[in-house]
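First comes the structure, then the notes that go with it.
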Amino acid sequence: MSSGRVTLPVEKGMEKEVLELASKWGIDAVRDSDGTEMSEEIMKMGFEVYSTLCLIREDNEWAKANRDCLQQIYLMSDCCTAVSDVLEINPIEHYYSEQFELDTFHDPKKWWEVIDRTTGEVVDPEHWSFDREKKVVIIRKAKKWHRYTVSFLAYQIWEPVSMYNHKTNNWQTEHRLPVDPRHPKARAHLLETLDRWLQEHPNTSIVRFTTFFYNFDLIYDNEGKERQVDWFGYLSCVSPYAIEQFEKEYGYRLRPEDFVDMGYYNTPFRNPTKKYLDWMDFNQRFIAELAAECVERVHRAGKKAVMFLGDHWAGTEPYGKYFNRIGLDAVVGAAGDGVTTRMITDIPVKATEVRFYPYFFPDIFCDGGDPVGELLKVWLKSRRALLRKPADRMGYGGYLSLAWRFPDFIERVAQICQEFRDIHTMSRGTKPYSASFKVAVLNTWGKIRSWMTHQIAHSLWNQKCYSYLGVFEALAGLPFEVEFISFNDIKESGIPKETGVIISVGDAGTSWSGGEYWSDVKIQTTIREWVANGGGFIGVGEPTAFEYNGSFFQLADILGVQKETGFTMSHNKPKVVPEKKHFIIDDVKGNIDHGEGIDSIYKYSDNLKVLNIQNNSIALSANNFVKGRAVYLAGLPYNIENARLLMRAIYWAASKESEMFDWYCDNSNTECAVYPEAGRFVVINNTLEPQRTSVIRYGEKIIELDLQPMGYKWLEI
1 MSSGRVTLPV EKGMEKEVLE LASKWGIDAV RDSDGTEMSE EIMKMGFEVY STLCLIREDN
61 EWAKANRDCL QQIYLMSDCC TAVSDVLEIN PIEHYYSEQF ELDTFHDPKK WWEVIDRTTG
121 EVVDPEHWSF DREKKVVIIR KAKKWHRYTV SFLAYQIWEP VSMYNHKTNN WQTEHRLPVD
181 PRHPKARAHL LETLDRWLQE HPNTSIVRFT TFFYNFDLIY DNEGKERQVD WFGYLSCVSP
241 YAIEQFEKEY GYRLRPEDFV DMGYYNTPFR NPTKKYLDWM DFNQRFIAEL AAECVERVHR
301 AGKKAVMFLG DHWAGTEPYG KYFNRIGLDA VVGAAGDGVT TRMITDIPVK ATEVRFYPYF
361 FPDIFCDGGD PVGELLKVWL KSRRALLRKP ADRMGYGGYL SLAWRFPDFI ERVAQICQEF
421 RDIHTMSRGT KPYSASFKVA VLNTWGKIRS WMTHQIAHSL WNQKCYSYLG VFEALAGLPF
481 EVEFISFNDI KESGIPKETG VIISVGDAGT SWSGGEYWSD VKIQTTIREW VANGGGFIGV
541 GEPTAFEYNG SFFQLADILG VQKETGFTMS HNKPKVVPEK KHFIIDDVKG NIDHGEGIDS
601 IYKYSDNLKV LNIQNNSIAL SANNFVKGRA VYLAGLPYNI ENARLLMRAI YWAASKESEM
661 FDWYCDNSNT ECAVYPEAGR FVVINNTLEP QRTSVIRYGE KIIELDLQPM GYKWLEI
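All residue numbers for the sequence shown refer to this note's numbering, where the first residue is 1 and numbers rise by one.
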């Protein structure tokens, strides 16, 4: 057994167990967690010591004495209907009173906004007032039966991550207040706090920033439950001071509506406005600059600086333009599947570390909980991704004392730690074999949201997303180099030279599908020409969808299918019979799972091959377009059968079917990853059952082998 590359969460009183796990798991680093304390004895055991630090909530006494420097947020009231010409709205009524407090320090007439949501018009401030005693907005001359909202500023009086942990673990400690470092005196204090903290932690070798300054959008309702969660949100960056600084730089002033966005809050599912992109860029530059100063101070103290990708990560944008300015030594991120694993491991940074779920919290590690089941579910997905792009380190988080109560969990983690190290030992840090072409995922966001599409709350299932997220989960472990490109990339630079297949995934009108971008002539014609010259296009859900010039799927000629939206009900639709044989479905056994699927998809092209029908609608099809090819899928939730289906669809769309058999397992429950420079390959079993499989190379069987449940075997080429 080897050792190293593993970080263990520790706590005071678990010294004996830490030493036992040092042997069993092969740990070489220890860390604290929110709510735990590391003893001096553990610090002196010879491990590298990670210490977590969240600067914006570190000094609660200073925050309480400087409440004008607390972080703020723009929120929107409920939509209220006027039944007379006077309407009273309590703007904060359905928000959590322990999390938010109305900002009445800054003039509401200047910083708030009342909007008639029936007409979309802004109500003149002369026609409304704010009653400070009752804390309500009174609208006079309201139009009967019109609906109104108030967009208002609030102070955040409970730091949201600490609040979440507090409520999850039933803590009784003081509420932590979040400080906004954009205020000059707050910035100065945070840097002083960091310097003092570094002096007080001589045994710390690695400072684990969690993360830097502004949390993602985590908004609770008046019952203390999650109301709005957006892992990519920038709402906490707002303040009157920030808006004024923005206006000086950009020459225009942002309105409250630019933040609340009609109640959509600029979710990444929407195509972003120019104003919102400016706001993101404005904050990214500030955050990168201040984070870099923090990292420099850590380095001067002789320590390493790593960032946790999560919590207060707003504006750090690891795939953005300014991330490399921060100068981090590593990024640590939580992973619950292959997609979130690749989200971390693909980051351009010196080193990456994956903190696997389950987190050692009482919601899983309790009577009736199934931590082993959660562990195996995560590892089966993450392992596929790690074989494509390995992380340098792995670890866990939370309360070790909880995990220790589950000996089966402890034993199974030991096996995973060894398997993780084997990936590094056997691959020798070399790149795995990939197809001769790249796969490009096309959406509005492009590179900045690499491996981040269709996510709301980190790794959590969502009914509107799972049928699409499965595409990326499959891609995370398939033998393709994947890049994320935007519509603007195509307009400005065309389609990247090495691209063999473009994939478009999502619902109509969303940023993932593209919405109005599909009315752009250059985008349409560039893709048409590229496919006609031999490129491949795969559309999932409602690709190229935008009602325009008599067509819903703007590239219906390429896809070979169209969607009935109700405007062509009088047009007779050709009856179709699914093909029984096709390269794409040669491994299919039983029914194909399309998840939620899309209804009313009909045949548009004469040479379309229909491969599956669901609810009288085409769910899978293949089409030729001049020299190129296209595939349509109504949805693709992740399972190992669908991963094989997608792999076949990609090779077919690229007109590279024979290439698939260069390294190929004939049992779709198994996969192989090949490292030519290391002279090795590994075969993995992606199920909880024993599997027999054969590895095919250049179309010929080279070996047959049996694999244990979740098993793997490394072999020489």
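Quick reminder that beta carbons are idealized off the backbone N, C-alpha and C, glycines included.
Check                                                                                                                                                                                : Outcome
Could you spell out the range, first to last residue, of the alpha helix (DSSP H) harbouring Asn165?                                                                                 : 160 to 169
How would you write the range of the alpha helix (DSSP H) that Met426 sits in, first residue to last?                                                                                : 407 to 427
Would a C-beta distance cut-off of 9 Å place His424 and Trp231 closer than the cut-off?                                                                                              : no
Please name the residue or residues paired with Glu546 in a DSSP beta bridge.                                                                                                        : Going by the sequence as given, residue 546 is Phe instead of Glu. DSSP lists no partner for Phe546.
Quick check on Thr193: does DSSP put it in helix, strand or coil?                                                                                                                    : helix
Just to confirm, are Tyr252 and Lys275 a CB contact at a threshold of 9 Å?                                                                                                           : yes
If you reduce the DSSP assignment to three classes, tell me which class Gly26 lands in.                                                                                              : coil
Does the separation of the CB atoms of Arg31 and Gly395 fall below 9 Å?                                                                                                              : yes
Compare the Cα-Cα distances from Tyr96 to each of Gly13, Asp116, Lys225 and report the closest residue.                                                                              : Lys225
Please state if the CB of Thr345 and the CB of Lys389 are separated by a distance shorter than 9 Å.                                                                                  : yes
Might you give, ordered along the chain, the residues of its own chain that have their beta carbon closer than 7 Å to the beta carbon of Arg182, omitting 5 neighbours on each side? : Ser239, Tyr241, Ala242, Phe286
For Ser519, I'd like the list of residues in its chain whose CB is within less than 6 Å of its CB, leaving aside the five on either flank, ordered along the chain.                  : Phe546, Tyr548
Excluding the 5 residues preceding and the 5 following Phe676 in the sequence, name in chain order all residues of the same chain whose CB lies nearer than 8 Å to its CB.           : Looking at the sequence shown, residue 676 is not Phe but Pro. Result list for Pro676: Thr430, Tyr433, Ile717, in chain order.
What residue range does the beta strand (DSSP E) around Asn624 cover?                                                                                                                : 617 to 625
Using the Cα positions of Pro108 and Ser77, report the straight-line distance between them to the nearest angstrom.                                                                  : 14 Å
For Arg648, which three-state DSSP category applies?                                                                                                                                 : helix
Which runs of the alpha helix (DSSP H), 4 residues or longer, sit entirely within the segment 216 to 266?                                                                            : 240 to 250, 256 to 260
Per the contact definition of three or more C-beta pairs closer than 8 Å, is the segment 558 to 570 in contact with the segment 594 to 609?                                          : yes
What does DSSP give as the partner residue(s) for Ala305 in the beta ladder?                                                                                                         : Val207
Asp281 lies in the alpha helix (DSSP H); which residues open and close that run?                                                                                                     : 274 to 300
What are the boundary residues of the alpha helix (DSSP H) that Tyr466 is part of?                                                                                                   : 466 to 475
For Val349 versus Leu328, is the C-beta spacing smaller than 9 Å?                                                                                                                    : yes
Can you tell me the Cα-Cα spacing of Ile73 and Val229, whole angstroms?                                                                                                              : 14 Å
Between the C-alpha atoms of Arg648 and Val521, what's the straight-line distance to the nearest angstrom?                                                                           : 31 Å
Skipping 5 residues on each side, what residues in its chain have a beta carbon closer than 7 Å to that of Trp106?                                                                   : Per the sequence shown, the amino acid found at residue 106 is His instead of Trp. The answer, listed in chain order, is Leu153, Pro240.
If you count every other CB in all the chains shown that lies within 10 Å of the CB of Cys465, and 16 or more means buried, which is it?                                             : buried
Which term fits Met710, buried or exposed, when burial requires 16 or more other beta carbons within 10 angstroms of its beta carbon?                                                : buried
In terms of DSSP beta bridges, what is Ser151 paired with?                                                                                                                           : Met76, Glu113
Just to confirm my understanding: we take Leu688, look at its own chain, exclude 5 residues before and 5 after, and list those with CB closer than 6 Å. What are they?               : Pro709
Considering only residues of the same chain and omitting the five flanking positions on each side of Tyr632, which have a CB-CB separation below 6 Å?                                : Gly539, Leu559, Val561, Ser621
Classify Met394 as helix, strand or coil using the three-state DSSP reduction.                                                                                                       : strand
Near Tyr250, which residues of its chain fall below 8 Å by C-beta distance, leaving aside the five closest residues on each side in sequence?                                        : Asp278, Phe282
I need the straight-line Cα distance from Val123 to Asp103, nearest angstrom please.                                                                                                 : 20 Å
Among Gly541, Phe269, Thr341, Asn324, which has the Cα closest to the Cα of Thr444?                                                                                                  : Phe269
Could you spell out where the alpha helix (DSSP H) holding Ile717 opens and where it closes?                                                                                         : Counting along the chain, Ile717 falls outside any alpha helix (DSSP H), and DSSP gives it neither H nor E.
Could you tell me the distance, in whole angstroms, from the CA atom of Phe472 to the CA atom of Val260?                                                                             : 30 Å
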